[in-house]
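Residue numbers (the numbering used here): 226 to 474.
Each residue gets a CB set at the ideal place from its N, CA and C atoms; glycine is no exception.
As C-alpha coordinates, the structure follows; a few thoughts come after it.
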(Lines of atoms letter the chains of each structure in order from A and count residues from 1; the text may use other names and numbers.)
(Lines give C-alpha, C1' and ligand atoms only; values in the text may rest on other atoms or scores of the structure.)
Protein backbone atom coordinates (compact mmCIF):
# COMPACT_ATOMS: atom_id res chain seq x y z
CA UNK A 1 0.00 0.00 0.00
CA UNK A 2 1.35 3.42 -0.95
CA UNK A 3 -0.97 6.27 0.00
CA UNK A 4 -1.94 9.03 -2.38
CA UNK A 5 -1.38 12.48 -0.91
CA UNK A 6 -3.75 15.44 -1.20
CA UNK A 7 -3.79 18.91 0.31
CA UNK A 8 -6.98 20.82 1.10
CA UNK A 9 -6.28 24.54 0.84
CA UNK A 10 -7.88 27.94 0.35
CA UNK A 11 -6.83 31.48 -0.37
CA UNK A 12 -8.76 33.11 2.48
CA UNK A 13 -10.13 31.88 5.77
CA UNK A 14 -13.77 31.03 6.39
CA UNK A 15 -14.37 28.94 3.29
CA UNK A 16 -15.07 25.73 5.25
CA UNK A 17 -11.80 24.07 4.30
CA UNK A 18 -11.46 21.92 7.44
CA UNK A 19 -15.08 20.81 7.27
CA UNK A 20 -14.60 19.78 3.64
CA UNK A 21 -11.37 17.96 4.56
CA UNK A 22 -13.20 15.84 7.14
CA UNK A 23 -16.22 15.37 4.88
CA UNK A 24 -14.18 14.13 1.91
CA UNK A 25 -11.90 12.03 4.13
CA UNK A 26 -14.94 10.39 5.74
CA UNK A 27 -16.49 9.62 2.37
CA UNK A 28 -13.24 8.12 1.04
CA UNK A 29 -13.19 5.96 4.17
CA UNK A 30 -16.82 4.95 3.59
CA UNK A 31 -15.70 3.62 0.22
CA UNK A 32 -13.27 1.29 1.97
CA UNK A 33 -10.16 3.48 1.87
CA UNK A 34 -7.92 3.95 4.90
CA UNK A 35 -7.52 7.69 5.32
CA UNK A 36 -5.18 9.77 7.48
CA UNK A 37 -6.05 13.45 7.87
CA UNK A 38 -3.17 15.59 9.14
CA UNK A 39 -4.19 19.01 10.43
CA UNK A 40 -1.51 21.65 9.83
CA UNK A 41 -3.34 24.79 10.97
CA UNK A 42 -1.44 25.32 14.23
CA UNK A 43 -3.20 27.46 16.80
CA UNK A 44 -6.57 27.24 15.01
CA UNK A 45 -7.35 23.61 15.71
CA UNK A 46 -10.81 22.44 14.63
CA UNK A 47 -10.50 19.04 12.94
CA UNK A 48 -10.54 17.26 16.30
CA UNK A 49 -14.06 18.57 16.99
CA UNK A 50 -15.37 18.02 13.45
CA UNK A 51 -14.00 14.45 13.33
CA UNK A 52 -15.21 13.65 16.86
CA UNK A 53 -11.79 13.07 18.42
CA UNK A 54 -11.90 16.05 20.80
CA UNK A 55 -10.55 15.00 24.19
CA UNK A 56 -9.04 11.80 22.76
CA UNK A 57 -5.76 13.24 21.50
CA UNK A 58 -2.61 12.97 23.59
CA UNK A 59 -0.05 14.09 21.01
CA UNK A 60 -0.39 16.48 18.06
CA UNK A 61 1.47 17.15 14.82
CA UNK A 62 3.89 19.51 16.61
CA UNK A 63 4.89 16.69 18.97
CA UNK A 64 5.63 14.48 15.97
CA UNK A 65 7.54 17.07 13.94
CA UNK A 66 9.65 18.04 16.97
CA UNK A 67 10.48 14.40 17.70
CA UNK A 68 8.65 14.20 21.04
CA UNK A 69 6.76 11.12 19.85
CA UNK A 70 6.56 8.74 16.92
CA UNK A 71 3.88 9.41 14.32
CA UNK A 72 1.69 6.46 15.21
CA UNK A 73 1.27 7.73 18.79
CA UNK A 74 -0.42 10.88 17.49
CA UNK A 75 -2.87 9.02 15.23
CA UNK A 76 -6.43 8.90 16.60
CA UNK A 77 -9.27 6.94 15.00
CA UNK A 78 -12.45 8.92 14.41
CA UNK A 79 -15.37 7.38 16.34
CA UNK A 80 -17.78 9.03 13.90
CA UNK A 81 -16.31 7.89 10.59
CA UNK A 82 -14.79 4.37 10.53
CA UNK A 83 -11.61 4.26 8.48
CA UNK A 84 -10.75 7.92 9.07
CA UNK A 85 -7.76 8.67 11.31
CA UNK A 86 -6.59 12.10 12.45
CA UNK A 87 -3.40 13.80 13.63
CA UNK A 88 -4.50 17.09 15.17
CA UNK A 89 -2.75 20.44 15.14
CA UNK A 90 -1.66 21.97 18.46
CA UNK A 91 -3.96 24.41 20.23
CA UNK A 92 -1.25 27.06 20.13
CA UNK A 93 2.24 27.60 18.84
CA UNK A 94 4.03 25.15 16.64
CA UNK A 95 5.65 25.46 13.25
CA UNK A 96 5.20 23.17 10.27
CA UNK A 97 8.54 22.16 8.78
CA UNK A 98 8.87 20.41 5.46
CA UNK A 99 11.61 17.87 6.23
CA UNK A 100 10.06 16.23 9.33
CA UNK A 101 6.62 16.28 7.68
CA UNK A 102 8.10 14.45 4.71
CA UNK A 103 9.60 11.84 7.06
CA UNK A 104 6.21 11.36 8.72
CA UNK A 105 4.47 10.86 5.39
CA UNK A 106 7.14 8.37 4.30
CA UNK A 107 6.59 6.38 7.51
CA UNK A 108 2.80 6.44 7.15
CA UNK A 109 2.36 5.83 3.42
CA UNK A 110 2.40 2.07 3.78
CA UNK A 111 -0.50 2.02 6.22
CA UNK A 112 -3.02 4.25 4.41
CA UNK A 113 -4.62 4.63 1.00
CA UNK A 114 -4.93 8.42 1.27
CA UNK A 115 -3.07 11.00 3.35
CA UNK A 116 -4.81 14.38 3.45
CA UNK A 117 -3.26 17.66 4.62
CA UNK A 118 -5.64 20.26 6.03
CA UNK A 119 -3.51 23.37 5.49
CA UNK A 120 -3.90 26.84 6.96
CA UNK A 121 -5.56 29.49 4.80
CA UNK A 122 -3.17 31.38 2.54
CA UNK A 123 0.30 30.37 1.46
CA UNK A 124 2.37 30.24 4.65
CA UNK A 125 4.57 27.45 5.99
CA UNK A 126 1.76 24.80 6.24
CA UNK A 127 0.79 25.43 2.62
CA UNK A 128 4.40 25.29 1.42
CA UNK A 129 5.17 22.07 3.30
CA UNK A 130 2.02 20.35 2.07
CA UNK A 131 2.53 21.52 -1.52
CA UNK A 132 5.93 19.80 -1.61
CA UNK A 133 4.35 16.47 -0.66
CA UNK A 134 0.84 16.51 -2.14
CA UNK A 135 0.08 14.85 -5.46
CA UNK A 136 -3.40 16.39 -5.55
CA UNK A 137 -4.92 19.63 -4.26
CA UNK A 138 -8.51 20.55 -3.45
CA UNK A 139 -8.98 24.31 -3.50
CA UNK A 140 -12.00 25.09 -1.31
CA UNK A 141 -13.67 28.43 -2.02
CA UNK A 142 -16.99 30.14 -1.42
CA UNK A 143 -18.86 31.90 -4.25
CA UNK A 144 -17.70 35.43 -3.56
CA UNK A 145 -15.28 37.59 -5.57
CA UNK A 146 -12.61 37.89 -2.85
CA UNK A 147 -12.42 34.13 -2.23
CA UNK A 148 -12.29 33.45 -5.97
CA UNK A 149 -9.58 36.05 -6.60
CA UNK A 150 -7.45 34.67 -3.77
CA UNK A 151 -8.14 31.16 -5.00
CA UNK A 152 -6.73 32.07 -8.40
CA UNK A 153 -3.51 33.24 -6.74
CA UNK A 154 -3.22 29.95 -4.84
CA UNK A 155 -3.98 27.88 -7.96
CA UNK A 156 -1.38 29.78 -9.99
CA UNK A 157 1.20 29.27 -7.21
CA UNK A 158 0.57 25.52 -7.11
CA UNK A 159 0.84 25.16 -10.87
CA UNK A 160 3.94 27.38 -11.05
CA UNK A 161 5.45 25.21 -8.31
CA UNK A 162 5.18 22.09 -10.43
CA UNK A 163 1.67 20.73 -9.87
CA UNK A 164 -0.06 19.56 -13.03
CA UNK A 165 -3.07 21.65 -14.01
CA UNK A 166 -5.38 18.66 -13.65
CA UNK A 167 -4.09 17.80 -10.16
CA UNK A 168 -5.55 21.04 -8.74
CA UNK A 169 -9.34 20.88 -8.47
CA UNK A 170 -11.92 23.40 -7.34
CA UNK A 171 -14.57 22.83 -4.67
CA UNK A 172 -17.18 25.59 -4.41
CA UNK A 173 -18.56 25.40 -0.88
CA UNK A 174 -21.55 26.91 0.96
CA UNK A 175 -23.67 27.50 -2.13
CA UNK A 176 -27.18 28.87 -1.59
CA UNK A 177 -29.89 29.82 -4.08
CA UNK A 178 -29.01 33.48 -3.66
CA UNK A 179 -25.30 32.84 -4.35
CA UNK A 180 -25.76 33.25 -8.10
CA UNK A 181 -27.76 35.42 -10.46
CA UNK A 182 -27.76 38.86 -12.09
CA UNK A 183 -28.05 40.60 -8.72
CA UNK A 184 -25.49 38.39 -6.91
CA UNK A 185 -21.75 39.18 -6.68
CA UNK A 186 -21.04 36.05 -8.76
CA UNK A 187 -23.26 35.20 -11.71
CA UNK A 188 -22.90 31.42 -11.85
CA UNK A 189 -20.59 28.44 -11.35
CA UNK A 190 -18.96 29.07 -14.71
CA UNK A 191 -17.75 32.43 -13.41
CA UNK A 192 -16.22 30.64 -10.40
CA UNK A 193 -14.39 28.21 -12.67
CA UNK A 194 -13.22 30.89 -15.10
CA UNK A 195 -11.96 33.13 -12.31
CA UNK A 196 -9.94 30.44 -10.55
CA UNK A 197 -8.80 28.71 -13.72
CA UNK A 198 -8.97 25.07 -12.59
CA UNK A 199 -11.52 22.30 -13.12
CA UNK A 200 -14.48 21.95 -10.79
CA UNK A 201 -14.72 18.67 -8.85
CA UNK A 202 -17.64 19.48 -6.56
CA UNK A 203 -20.23 21.98 -5.40
CA UNK A 204 -21.40 21.76 -1.80
CA UNK A 205 -24.62 23.47 -0.73
CA UNK A 206 -24.99 25.56 2.40
CA UNK A 207 -26.12 23.15 5.10
CA UNK A 208 -27.29 23.78 8.64
CA UNK A 209 -27.01 20.05 9.34
CA UNK A 210 -23.35 20.07 8.30
CA UNK A 211 -22.61 23.14 10.43
CA UNK A 212 -24.31 21.66 13.49
CA UNK A 213 -22.51 18.33 13.10
CA UNK A 214 -19.15 20.09 12.87
CA UNK A 215 -19.85 22.33 15.84
CA UNK A 216 -21.17 19.53 18.05
CA UNK A 217 -18.69 16.82 17.04
CA UNK A 218 -21.39 14.51 15.68
CA UNK A 219 -21.61 12.62 12.42
CA UNK A 220 -23.13 14.36 9.43
CA UNK A 221 -26.59 12.77 9.07
CA UNK A 222 -27.52 10.46 6.21
CA UNK A 223 -29.52 12.28 3.60
CA UNK A 224 -27.77 15.60 4.22
CA UNK A 225 -27.27 17.29 0.83
CA UNK A 226 -23.76 18.41 1.77
CA UNK A 227 -22.83 14.83 2.69
CA UNK A 228 -24.14 13.65 -0.68
CA UNK A 229 -21.99 16.29 -2.39
CA UNK A 230 -18.96 15.17 -0.36
CA UNK A 231 -19.58 11.57 -1.39
CA UNK A 232 -19.66 12.66 -5.02
CA UNK A 233 -16.30 14.43 -4.64
CA UNK A 234 -14.80 11.30 -3.06
CA UNK A 235 -16.16 9.17 -5.88
CA UNK A 236 -14.73 11.47 -8.54
CA UNK A 237 -11.32 11.37 -6.83
CA UNK A 238 -11.49 7.59 -7.17
CA UNK A 239 -12.31 7.80 -10.87
CA UNK A 240 -16.08 7.36 -10.73
CA UNK A 241 -18.14 9.25 -13.32
CA UNK A 242 -20.68 11.16 -11.23
CA UNK A 243 -22.76 13.97 -12.81
CA UNK A 244 -22.66 17.35 -11.08
CA UNK A 245 -26.03 18.15 -9.55
CA UNK A 246 -27.23 20.43 -6.78
CA UNK A 247 -28.54 17.76 -4.43
CA UNK A 248 -31.60 18.78 -2.42
CA UNK A 249 -32.45 21.86 -4.51
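Reduced DSSP secondary structure (H/G/I, E/B, other) of residue i
i, result
"residue 446", "coil"
"residue 463", "coil"
"residue 417", "helix"
"residue 265", "coil"
"residue 337", "coil"
"residue 469", "coil"
"residue 367", "coil"
"residue 313", "coil"
"residue 230", "strand"
"residue 346", "coil"
"residue 424", "strand"
"residue 278", "coil"
"residue 260", "strand"
"residue 243", "helix"
"residue 283", "coil"
Closest Cα partner of residue i within the set the options
i, options, result
"residue 428", "396, 402, 449, 410", "396"
"residue 389", "265, 462, 423, 343", "423"
"residue 295", "304, 305, 283, 303", "283"
"residue 351", "445, 466, 265, 438", "265"
"residue 445", "420, 236, 249", "249"
"residue 440", "386, 460, 275", "275"
"residue 391", "461, 298, 292, 238", "461"
"residue 403", "280, 430, 299, 230", "430"
Inter-residue CB distance, residue i and residue j (contact presumed, cutoff 8 Å)
i, j, result
"residue 290", "residue 326", "6 Å"
"residue 273", "residue 313", "5 Å"
"residue 334", "residue 227", "5 Å"
"residue 277", "residue 442", "5 Å"
"residue 330", "residue 358", "5 Å"
"residue 344", "residue 233", "7 Å"
"residue 421", "residue 376", "5 Å"
"residue 346", "residue 235", "5 Å"
"residue 354", "residue 322", "7 Å"
"residue 319", "residue 287", "4 Å"
Bridge-paired residues (DSSP) for residue i
i, result
"residue 400", "430"
"residue 301", "311"
"residue 362", "232, 393"
"residue 405", "411"
Handout entry: Contact the region 250-261 vs the region 360-377: 3+ CB pairs below 8 Å
Key = No, because fewer than three Cβ pairs between the region 250-261 and the region 360-377 fall closer than 8 Å, the two stretches do not touch.
Practice task
Count the C-beta pairs between the region 434-442 and the region 459-469 that are closer than 8 Å, then say yes if the count reaches three, no if not.
Solution key: Judged by Cβ distances under 8 Å, the region 434-442 makes no contact with the region 459-469, as fewer than three pairs qualify.
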